[in-house]
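Numbering of the sequence shown is given in our numbering, commencing with residue 847 and proceeding in unit increments. Think of the CB as a built atom: it goes at the ideal place given N, C-alpha and C, for glycine as much as any other residue. The structure presented is a predicted model; accordingly, all values stated were derived computationally and were not measured.
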Amino acid sequence: METGAAMETISMMGSPRNSKEMFLPNCMNGVKEGNKSTIGIIGSGDFAKCLSLRLLRCGYHVVVGSRSPKRAAEFFPHVVDVTHHEDAVAKANILFVAIHREHYASLWDLKHLLVGKILVDVSNNTRMNQYPESNAEYLASLFPDSFVVKGFNVISAWAMQSGPKDASRQVYICSNLVEARHQVLEVARQLNFIPVDLGTLSSAREIENIPLQLFTLWKGPVLVSVSLSILFFIYSFIRDIIHPYVKNQQSNFYKIPIEIVNKTLPIVAITLLSLVYLAGLLAAAHQIYYGTKYRHFPHWLDGWLQCRKQLGLLSVFFASVHVLYSICLPMRRSERYLFLNMAFQQVHANVDNSWNEEEVWRVEMYISFGIMSLGLLSLLAVTSIPSVNSALNWREFSFIQSTLGYVALLITTFHVLIYGWKRAFDQEYYKFYMPPNFVIALVLPVTVIVGKIVLLLPCMSGRLRRIRRGWENSQYRSEVSGAASQVSPERITIM
């Protein structure tokens, strides 16, 4: 039974369009003339149905080839010509092959009719690198006299029918024939997608693996977040649960679901935010040390730099959950009991007014800085959305993500400092000789802030600015020239 291509919706980053337009000599120039050319679809599955609707809306005439045209015609608009494979191949020069790889051999009898035709392979696999060669390369080996183009496999049937929306607009296309590739690129533009030319058919395996990728850039940040959460949860559990139980036989296990979790969340949030900007500081230090921007970063640092967006979004997530937990703290039954006990003790001690001016100011400032930091973190998260990001120029984006990002880190650090106040110097809070949670939370952000201040010094900022404009120190230039002199001319390839 014929089926459509894969149904996954893939979100990719935007890329500039290719402005060069080239067409096959024996094909109709449908995009230049008022009457657009006929496009054929081999297959009558879900993807074929949605693709035919999209083509019709954009002014193309569509012919669909099916093994059971009478039954398939019931699911297509009446203006679509649903016929046998032979008739569909004869009526169109561009054919979308919307069938699975195992059904390619069913087209073998049409090999003589497919000579000179453009075959757009939209299939996907169920596993990455499932076969020795890509589906498109396999199709090209079966029909060597046809021009096989890989594309449209990263678009789901739903996105094809409803129209491209933001991140689902990317279409990756590759083919060994430049003219065929550009013909399909222009069709993608006419369908309001953003085509990306990936060159020859050797890129087909990479394109077919894209729909099978699952949060590739998120694995590392999520693993770091989970590890930090477990580490700081255990740390808080030992200090606030185990220590009272061992010292005074006091059972505080009721604090685990809310209070211990709420102590863990802000530490993880500020640590992740610090990791976002620590990567940039290490990259700047690497450039200053080697005196050039052309030396590659270490692999671990390069991967870290690419995951900064994910680390920042996870930081916003933990901070937001921390706010929700903090709001719920007064709702707990245990908190009400503690409040009543404090009131009873105040009455018993005959205290008329327990107002503490210093404590009032501390809490007011602590909450104010927390609200400001959450607002700035929310701004950073919103500007990372592709639709918002595309509306900003590079200077605006850099100002928000870099300058305001450091301001957010600084305010968050003040938020933690005010929370700790004088308790950092009180021996009572060092349980099992372990420092309080807020002291642990301040180590990394303070390190990042101090590192940023060092880079802002005139002697450092001036050198870094020259390096990023292309300046290189003499030692690095001599190393590069020495290495280049040892390269054999026969090994140099001119692209």
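Locate the beta strand (DSSP E) running through residue i, then write down its first and last residues.
i, result
"Gln1016", "1016–1021"
"Pro1041", "1040–1043"
"Phe942", "940–943"
"Lys996", "993–996"
"Thr929", "927–929"
"Val910", "907–911"
"Thr884", "884–888"
Is any beta-carbon of chain B found at less than 9 Å from that of residue i?
i, result
"Glu1181", "As a matter of chain content, chain B is missing from the structure shown, which is built from one protein chain."
Please check the pair residue i and residue j, which I expect to be a contact at CB under 8 Å, by giving their CB distance rounded to whole angstroms.
i, j, result
"Leu1255", "Pro1291", "6 Å"
"Ala934", "Val909", "5 Å"
"Cys896", "Ala1003", "4 Å"
"Leu1031", "Ser992", "At roughly 18 Å, the Cβ-Cβ gap does not stay under 8 Å, so Leu1031 and Ser992 are not in contact."
"Thr1138", "Asn1319", "7 Å"
"Tyr1018", "Ile1053", "5 Å"
"Met1211", "Ile1257", "Not really, about 11 Å apart at Cβ, beyond 8 Å."
"Ser890", "Ala918", "4 Å"
"Ile841", "His931", "The first residue shown for the chain is 847 and the last is 1341, placing residue 841 beyond what the model contains."
"Ala1130", "Leu1310", "6 Å"
Cutting at 8 Å between CB atoms, please list the residues of its own chain near residue i, excluding the five before and the five after it.
i, result
"Val1122", "Arg1154, Leu1157, Gly1158, Ser1161, Gly1251"
"Ala1050", "Asp967, Ser980, Asn981, Ala982, Glu983, Lys996, Cys1020"
"Met1306", "Ile1134, Val1300"
"Gly880", "Low confidence applies here, because Gly880 scores a pLDDT of 41, under 50, leaving its location unreliable and the question unanswered by this model."
"Ile1087", "Asn1098, Phe1099, Lys1101, Ile1102, Ile1106"
"Lys1298", "Tyr1123, Leu1127, Tyr1252"
"Arg1314", "Gln1133, Lys1139"
"Gly1149", "Gly1066"
"Gln1096", "Pro1090"
"Ala936", "Leu959"
How would you write the range of the alpha helix (DSSP H) that residue i sits in, first residue to last?
i, result
"Gly1266", "1250–1266"
"Thr1046", "Premise fails: Thr1046 is in no alpha helix (DSSP H) and is neither H nor E."
"Cys904", "Counting along the chain, Cys904 falls outside any alpha helix (DSSP H), and DSSP gives it neither H nor E."
"Ile1286", "1283–1302"
"Ser1244", "1240–1244"
"Lys916", "915–918"
"Asn1235", "1232–1235"
"Trp1004", "1003–1008"
Return the chain-ordered list of same chain residues with a C-beta closer than 6 Å to the C-beta of residue i, the five sequence neighbours on each side being excluded.
i, result
"Ile1084", "none"
"Lys866", "In this prediction, Lys866 has a pLDDT of 36, which is less than 50 and means its spatial position is unreliable; what the coordinates show is noted afterwards. Counting only Cβ-Cβ distances below 6 Å, and skipping sequence neighbours, we find nothing."
"Gly886", "Val909, Ala934, Ala938, Leu941"
"Leu1124", "Val1294"
"Ile1246", "Thr1229"
"Leu1119", "Ser1161, Leu1255"
Note down, in chain order, each residue of its chain lying with its Cβ closer than 7 Å to the Cβ of residue i, except the 5 sequence neighbours on either side.
i, result
"Ser914", "none"
"Tyr1275", "Arg1269, Pro1282"
"Ala1115", "Ser1161, Phe1164, Ala1165, His1168"
"Pro1067", "Cys1153, Gln1156, Leu1157, Leu1160"
"Ala1026", "Leu870, Ile964, Phe993, Val995"
"Phe1243", "Thr1229, Asn1235"
"Trp1064", "Gln1156"
"Gly1216", "His1261"
"Ser1172", "Asn1108"
Touch check for the stretch 1094–1106 and the stretch 1075–1086: three-plus C-beta pairs under 8 Å? The way I'd put it, the stretch 1094–1106 does touch the stretch 1075–1086; three or more beta-carbon pairs between them come closer than 8 Å.
For the stretch 1171–1209, which segments carrying the alpha helix (DSSP H) assignment without a break, of at least 4 residues, lie completely within its bounds, in sequence order? Counting only runs of 4 or more, we get 1179–1194.
Would the stretch 1199–1218 and the stretch 1238–1250 be scored as touching if the rule is three or more Cβ pairs under 8 Å? Flag = no, the stretch 1199–1218 and the stretch 1238–1250 do not touch.
If we count Cβ pairs, one from each stretch, closer than 8 Å, do we get three or more for the stretch 1025–1042 versus the stretch 895–908? Yes, they touch.
Beta strand (DSSP E) segments (min. 3 residues) lying fully within the stretch 957–987: For the stretch 957–987, the continuous beta strand (DSSP E) assignments of 3+ residues that do not extend past its boundaries occur at 964–967, in sequence order.
Contact between the stretch 950–960 and the stretch 922–930 is defined here as three or more beta-carbon pairs at a separation below 8 Å; is this criterion met? Fewer than three Cβ pairs drawn from the stretch 950–960 and the stretch 922–930 lie within less than 8 Å of each other, which leaves the two stretches out of contact.
Report the start-end ranges of each alpha helix (DSSP H) in the stretch 1112–1152 that is 4 residues or longer and not cut off at the edges. DSSP runs (the alpha helix (DSSP H)) wholly in the stretch 1112–1152: 1145–1152.
Pair every Cβ in the stretch 1052–1069 with every Cβ in the stretch 988–1002, then say whether three or more of these pairs are closer than 8 Å. Short answer: they touch.
Is there contact here, the stretch 1215–1228 with the stretch 1163–1171, by at least three beta-carbon pairs under 8 Å? Taking 8 Å as the limit for Cβ pairs, the verdict is that the stretch 1163–1171 does touch the stretch 1215–1228.
Inter-stretch contact (C-beta, 8 Å, three-pair minimum) for the stretch 1280–1297 and the stretch 1264–1271: Two segments are said to touch when three or more pairs of C-beta atoms, one from each, lie closer than 8 Å; by this definition the stretch 1280–1297 touches the stretch 1264–1271.
Quick check for students: name the residue ranges of the alpha helix (DSSP H) that lie wholly in the stretch 1029–1109, counting only runs of 4 or more. Counting only runs of 4 or more, we get 1050–1055, 1065–1083, 1089–1094.
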